[in-house]
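K.L.:
These protein sequence lines are chains V and D, in that order.
Position in the first sequence counted from 1, then plus 1038, gives you the numbering used here.
Position in the second sequence counted from 1, then plus 4, gives you the numbering used here.
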Amino acid sequence: MKRNPYKNIVIVIALLSLGLIAFLPGLSAEEEEIAPGRKMAEQAAKGIEHWTTSDHSKFSALDKEFSSGSEITEACLSCHTEAEEQFHKTIHWTWLSPYDDGGTYGKAGYSVNNFCISANKMEDKDCNSCHVGWNGKEDGINCLLCHSQQDIKWKAEFADYAFFKEMGDDEIADDIQKKIQSAAKDIGLPGRKNCGNCHFYGGGGEAVKHGDLDASLINPKKTLDVHMGIDGEDFTCTRCHTTSFHRIAGRVYSTPAITHRKSLVESDLVPKIMCESCHTAKPHNNGHKANDHTDRVACQSCHIPEFARAHATKMWWDWSTAGKLKDGKPYREKGEWDRPTYKSIKGTFRWEKNVVPEYFWYNGSLTTVTAKDMIDPTGEVWISKPNGSREDENSRIFPFKVHRGKTPYDKVNNTILAILESEQVDGFWKTFDWQDSFEKGMAIMDLPYSGEYGFVNTSYVYPTTHMVAPKDNVVECNECHTNHNSRLASLTEFYMPGRDSLKFLDMGAWLLVLAALGGVALHAFGRFFAGVTRRKEK
Amino acid sequence: MTGKMKKIYIYTRYERSWHWLQVILIAILLVTGFEVHGTFTLLGFEQAVTVHNFVGITWLIAFAFFVFWIFTTGEWKQYIPTTKKILLVARYYGFGIFKGEPHPVPKRKDAKHNPLQRLTYLGVAAILLPAQMITGVLYWTYNSWAEWGLDVLSLGMIATAHLAIAFGILLFLIVHIYMTTTGHTIFAHTKGMITGWEEVEEGTLVEDWEQKAK
Chain V
1039 MKRNPYKNIV IVIALLSLGL IAFLPGLSAE EEEIAPGRKM AEQAAKGIEH WTTSDHSKFS
1099 ALDKEFSSGS EITEACLSCH TEAEEQFHKT IHWTWLSPYD DGGTYGKAGY SVNNFCISAN
1159 KMEDKDCNSC HVGWNGKEDG INCLLCHSQQ DIKWKAEFAD YAFFKEMGDD EIADDIQKKI
1219 QSAAKDIGLP GRKNCGNCHF YGGGGEAVKH GDLDASLINP KKTLDVHMGI DGEDFTCTRC
1279 HTTSFHRIAG RVYSTPAITH RKSLVESDLV PKIMCESCHT AKPHNNGHKA NDHTDRVACQ
1339 SCHIPEFARA HATKMWWDWS TAGKLKDGKP YREKGEWDRP TYKSIKGTFR WEKNVVPEYF
1399 WYNGSLTTVT AKDMIDPTGE VWISKPNGSR EDENSRIFPF KVHRGKTPYD KVNNTILAIL
1459 ESEQVDGFWK TFDWQDSFEK GMAIMDLPYS GEYGFVNTSY VYPTTHMVAP KDNVVECNEC
1519 HTNHNSRLAS LTEFYMPGRD SLKFLDMGAW LLVLAALGGV ALHAFGRFFA GVTRRKEK
Chain D
5 MTGKMKKIYI YTRYERSWHW LQVILIAILL VTGFEVHGTF TLLGFEQAVT VHNFVGITWL
65 IAFAFFVFWI FTTGEWKQYI PTTKKILLVA RYYGFGIFKG EPHPVPKRKD AKHNPLQRLT
125 YLGVAAILLP AQMITGVLYW TYNSWAEWGL DVLSLGMIAT AHLAIAFGIL LFLIVHIYMT
185 TTGHTIFAHT KGMITGWEEV EEGTLVEDWE QKAK
């Protein structure tokens, strides 16, 4: 019988390679296919053109002279009869969380942060520049901040109008009036600038508070934000932040932005605030391991690899250094990205760009410290902290910006001190007098101040959810599944392949492997030398 | 080695194909498995997982054919453990081999495994490998545990067991590969597993208990 002894091996290898060749291209082809979650979202988000049955430039109610903001609002309300009542109930107006009765949480309540700390029940006047009303809260709601498609400085325009009118310069006054009327008649859904004028500048400057919200989102490339990219889907904020009765979806505080994760297929009136609303809970191609992650890992964790990708965001604010003066005058120093690193009125800052988020279990709500709450100053105080745990099935691993700093606190009462800042009310930014500013600030809040202050390390979290990167920039598996600088190194309460091991098992087993190798090597030497000796003896 | 050598046909074509297929599968599984464990980086975690899963399932299917084969051909009887002559074999590998003594239990068509091999291969084929397949399938189906009522398991438990067995297989491989060099030439056994023909000394008897049951 004539046989090729290597035939079988050749057959085996050939079969195996065929299998691999058939399998591997299958994989890459699958990746190129549009994932089901994207198909769903594209269907859900069709028809970008906005339909309306009203043209506000033709409304006679708006066809008159306006000498103050409240006159415009009056005209708006003459048709939109329920708008004011609706709006008065929203947090945009009250600055109080609608979810607790005591008026505790919110900027107008006792909530504090580690930026400007507190708005002192809206008495710290500089903080009110963002409030959606005329003259803060004094003269009623301001519909135009959100709905006018023209970005004009209302307060200044009205002041100028009154000035020139009084001076008798009717020509200039008429020009200003035309500008005001034009902006009052150019009405639509809120655009990016309407929202961004406040939300991109929270904390007193661009990208101070949010690492994932800044003015780069007015005209972003889709590499910065796949949803808002003007070369892509071109979404406005309201595309996801859907509204009912002027209540805008998406606010996160003591309660989640949404309590049930549902896609539009399950409920067509559900707020579109969750990724799943459009993308469903199994958005990846069939068989892709990422679909098995969606129950415990938020989409954002992989799809927002870094925040502050366009502009640096503030990561550290040390109040303890504030108040230094040069020649009796406050000063400021600037650092990288032309961002301030020191301001006499505020203290020392650190900014960072392209920041890898910190990850926490998160059920959508935060636990926050208010000016009334006792703190433990011996460690880092979490002024806001994500709620959630691995045991809670509604919790998922979520990316956060963590803003840290040193914040003033009452050394006797162990509370955060709501310092009064505004120059308008003779706060710290005018007086640079710590004691006076704490006394005034706490008195407004009707809270005690012992007279002894210190500074405590604090941290404050922001869920990272905007600036979703294109899928090519997604976080790779091995950025978490690794025993070397894993992104999830701090979440130790579960076993993760590639990251975790029983050190003694690994060590012991490799020692055994070495012993086996050594053993067979010794045996081989023994055979070799014994063979040599035997041949010599013969 | 004295005496005239004679060639006998020991390993059938299926057996040899299966053996070498398993060599390739286990080698790939070990390499990708240890990469998934974080021991080193070669393909990258994601690719390593993909290859490991695919090859693992392939192995599972191929193993089913092996089980079918071993029972339908009666070859399973070659794996029945015995203590007879086991000490002699152990003594041979410990001492005799250095003195050039003949193997106390040479290979035969009907008795291709010596008592030490019977015990080892039974342990590997009946315990180590199936246990690795079971823990592997469980690992792979982690997301369905809750659905199947297997919540009592923890991923850490299964992963650690899977790893421990993998080390066991690696240890077996080291000794196994070394033992292939102990034939009358270094590659004699390897050649036998490729061609199916092993060279043995003429005249050695196969005792009754080693005979394939008729």
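Backbone N, C-alpha and C define an ideal beta-carbon position, used for all residues, glycine too.
Bear in mind the structure is a predicted one, so any value in this text is a computation, not a measurement.
(1) Could you name the residues of the same chain whose beta carbon sits closer than 7 Å to that of V/Tyr1137, not counting the 5 residues immediately before and after it, in chain order?
(2) For V/Leu1115, which option in V/Phe1097, V/Asp1471, V/Val1558 has the closest C-alpha, if you only look at C-alpha atoms?
(3) Grouping DSSP H, G and I as helix and E and B as strand, with all else coil, what is V/Arg1565?
(4) Nearest to V/Gly1546 by alpha carbon, out of D/Gly172, D/Leu142, D/Asp155, D/Phe191?
(5) Going by beta carbon distance, what residues of the same chain come within less than 7 Å of V/Ser1433, once the five residues before and after it are set aside?
(6) Please say whether V/Gly1492 and V/Lys1449 have beta carbons closer to each other than 7 Å?
(7) Between the stretch 1401-1411 of chain V and the stretch 1381-1389 of chain V, can you find at least three pairs of beta-carbon atoms closer than 8 Å?
(8) In its own chain, which residues sit with a C-beta less than 6 Å from the C-beta of V/Ile1286, not counting the 5 before and 5 after it?
(9) Please compile the residues from chain D whose C-beta is within a distance smaller than 9 Å of the C-beta of V/Leu1543.
(10) Could you check which residue in V/His1519, V/Val1499, V/Gln1462, V/Lys1159 has the C-alpha nearest to that of V/His1331?
(11) Note down the Cα distance separating V/Leu1550 from V/Tyr1498, rounded to an integer number of angstroms.
(12) Can you list, in chain order, the stretches of the alpha helix (DSSP H) that have 4 or more residues and sit fully within the stretch 145-191 of chain D?
(13) Could you give the distance in angstroms between the alpha-carbon of D/Val204 and the alpha-carbon of V/Met1534?
(14) Over what stretch of residues does the alpha helix (DSSP H) that includes V/Ser1422 continue unbroken?
(15) Run down chain B in chain order and give the residues with a C-beta less than 8 Å from the C-beta of D/Tyr182.
(16) Going by alpha carbons, who is nearest to V/Met1581 out of V/Leu1363, V/Pro1446, V/Glu1314?
(17) Exposed or buried, which one is V/Pro1063 when buried takes at least 16 other CB atoms within 10 Å?
(18) What's the gap between the Cα of V/Gln1473 and the Cα of V/Ile1225?
(19) Quick check on the DSSP output: the alpha helix (DSSP H) that includes V/Lys1597 runs from which residue to which?
(20) Please give me, in chain order, every unbroken run of the alpha helix (DSSP H) with length at least 4 that falls completely inside the stretch 1314-1390 of chain V.
(21) From V/Ala1559 to V/Glu1575, what distance separates their C-alpha atoms?
(22) Have a look at V/Glu1429 and D/Val27 and give me their C-alpha separation to the nearest angstrom.
(23) So what does D/Glu202 bridge to, in DSSP terms?
(24) Taking the alpha-carbon positions, what's the V/Phe1202 to V/Trp1172 distance?
(25) With a Cβ-Cβ cutoff of 7 Å, do D/Ile74 and D/Leu120 count as a contact?
(26) Write down the C-beta distance between V/Leu1529 and V/Ile1435 rounded to the nearest angstrom, noting that I regard them as a contact closer than 8 Å.
(27) Any beta carbon from chain V within less than 7 Å of D/Asn147's own beta carbon?
(28) Evaluate V/Thr1297 with the Cβ neighbour count: other Cβ atoms within 10 Å of its Cβ, from every protein chain shown; 16 or more gives buried, anything less gives exposed.
(29) For V/Val1494, write down the residues that DSSP places opposite it in a beta bridge.
(30) Measuring only between beta-carbons, confirm whether V/His1341 sits less than 7 Å from chain D.
(31) Nearest CA to the CA of V/Gln1081: which residue from V/Ala1211, V/Cys1275, V/Glu1271, V/Cys1236?
(32) For V/Glu1396, which of helix, strand or coil comes out of DSSP?
(33) Quick check on the DSSP output: the beta strand (DSSP E) that includes D/Lys76 runs from which residue to which?
(34) Just to confirm, is the Cβ distance from V/Ala1456 to V/Ile1190 under 7 Å?
(35) Along chain D, which residues have their Cβ under 7 Å away from the Cβ of V/Asp1330?
(36) Three or more C-beta pairs under 8 Å: does that hold for the stretch 1258-1275 of chain V against the stretch 1300-1308 of chain V?
P.N.:
Reading off the structure:
(1) Numbered from 1 along the first sequence, position 99 holds the residue referred to as residue 1137 of chain V. Once the five neighbours on either side are set aside, the close Cβ partners of V/Tyr1137 are Ser1292, Thr1293.
(2) Walking along the first sequence from the start, residue 1115 of chain V turns up at place 77. Nearest of V/Phe1097, V/Asp1471, V/Val1558 to V/Leu1115, Cα basis: V/Phe1097.
(3) Start at 1 with the first residue of the first sequence, and residue 1565 of chain V comes out as number 527. It is helical.
(4) Your numbering for residue 1546 of chain V matches position 508 in the first sequence. Closest by alpha carbon: D/Gly172.
(5) In the first sequence, residue 1433 of chain V corresponds to position 395, counting from 1. So the list reads Trp1399, Tyr1400, Asn1401, Gly1426, Ser1427, once near-sequence residues are dropped.
(6) On the first sequence, position 411 is the one that residue 1449 of chain V refers to. On the first sequence, position 454 is the one that residue 1492 of chain V refers to. Cβ atoms of V/Lys1449 and V/Gly1492: closer than 7 Å.
(7) no
(8) In the first sequence, the residue the question calls residue 1286 of chain V occupies position 248. Taken in chain order, the residues that qualify are His1279.
(9) Within the first sequence, residue 1543 of chain V is the residue found at index 505, counting from 1. Residues of chain D passing the Cβ test: Thr164, Leu167, Ala168, Phe171.
(10) Locating residue 1331 of chain V in the first sequence gives position 293, where the first residue counts as 1. Considering only alpha carbons, the answer is V/His1519.
(11) In the first sequence, counting from the first residue as 1, residue 1550 of chain V sits at position 512. In the first sequence, counting from the first residue as 1, residue 1498 of chain V sits at position 460. Cα to Cα, the separation comes out at about 49 Å.
(12) 149-152, 159-183
(13) On the second sequence, residue 204 of chain D is found 200 positions in, with the first residue counted as 1. On the first sequence, residue 1534 of chain V is found 496 positions in, with the first residue counted as 1. The alpha-carbon atoms of D/Val204 and V/Met1534 are separated by roughly 51 Å.
(14) Residue 1422 of chain V sits at position 384 when you count from the first residue of the first sequence. First-last for V/Ser1422: 1422-1424, but that is the beta strand (DSSP E), not the alpha helix (DSSP H).
(15) Here chain B cannot be found, since the structure's protein chains are V and D.
(16) Because residue 1581 of chain V is not part of the residues shown, which for chain V are 1039 to 1576, the question remains open.
(17) Counting from one through the first sequence, the residue named residue 1063 of chain V turns up at place 25. Because V/Pro1063 sits at a pLDDT of 48, beneath the cut-off of 50, its placement in the model cannot be relied upon, and the point is left open.
(18) The residue given as residue 1473 of chain V occupies position 435 in the first sequence. The residue given as residue 1225 of chain V occupies position 187 in the first sequence. C-alpha separation (whole angstroms): 47 Å.
(19) No answer is possible for residue 1597 of chain V: the residues shown for chain V start at 1039 and end at 1576.
(20) 1337-1341
(21) On the first sequence, residue 1559 of chain V is found 521 positions in, with the first residue counted as 1. On the first sequence, residue 1575 of chain V is found 537 positions in, with the first residue counted as 1. Each residue's alpha carbon lies about 24 Å from the other.
(22) The residue given as residue 1429 of chain V occupies position 391 in the first sequence. The residue given as residue 27 of chain D occupies position 23 in the second sequence. Distance between the alpha carbons of V/Glu1429 and D/Val27: 42 Å.
(23) Indexing the second sequence from 1 puts residue 202 of chain D at position 198. Answer is D/Ile12, bridged to D/Glu202.
(24) In the first sequence, the residue the question calls residue 1202 of chain V occupies position 164. In the first sequence, the residue the question calls residue 1172 of chain V occupies position 134. Each residue's alpha carbon lies about 21 Å from the other.
(25) Working through the second sequence from its first residue, we reach residue 74 of chain D at position 70. Working through the second sequence from its first residue, we reach residue 120 of chain D at position 116. No, the Cβ-Cβ distance between D/Ile74 and D/Leu120 is not below 7 Å.
(26) On the first sequence, residue 1529 of chain V is found 491 positions in, with the first residue counted as 1. On the first sequence, residue 1435 of chain V is found 397 positions in, with the first residue counted as 1. So it is a contact: roughly 7 Å between Cβ atoms.
(27) Here residue 147 of chain D corresponds to residue number 143 of the second sequence, with the count starting at 1. Judged by the 7 Å Cβ criterion, D/Asn147 is in contact with chain V.
(28) In the first sequence, counting from the first residue as 1, residue 1297 of chain V sits at position 259. Its Cβ having fewer than 16 others within 10 Å, V/Thr1297 is exposed.
(29) Within the first sequence, residue 1494 of chain V is the residue found at index 456, counting from 1. Note: V/Val1494 sits in a beta bridge opposite V/Thr1445.
(30) Here residue 1341 of chain V refers to the residue found at position 303 of the first sequence. It does not; no Cβ of chain D falls within 7 Å.
(31) Locating residue 1081 of chain V in the first sequence gives position 43, counting from the first residue. Minimum Cα distance to V/Gln1081 is reached at V/Glu1271.
(32) Against the first sequence, residue 1396 of chain V aligns to sequence position 358. V/Glu1396: strand per DSSP, three-state reduction.
(33) As a first step, residue 76 of chain D must be located in the second sequence, where it is residue number 72. It should be noted that the sequence gives Thr, not Lys, for residue 76 of chain D. That residue, D/Thr76, is in no beta strand (DSSP E); its alpha helix (DSSP H) goes 49-76.
(34) The residue given as residue 1456 of chain V occupies position 418 in the first sequence. The residue given as residue 1190 of chain V occupies position 152 in the first sequence. Not closer than 7 Å, so no.
(35) Counted from its first residue, the first sequence places residue 1330 of chain V at position 292. Result: Asn147.
(36) no
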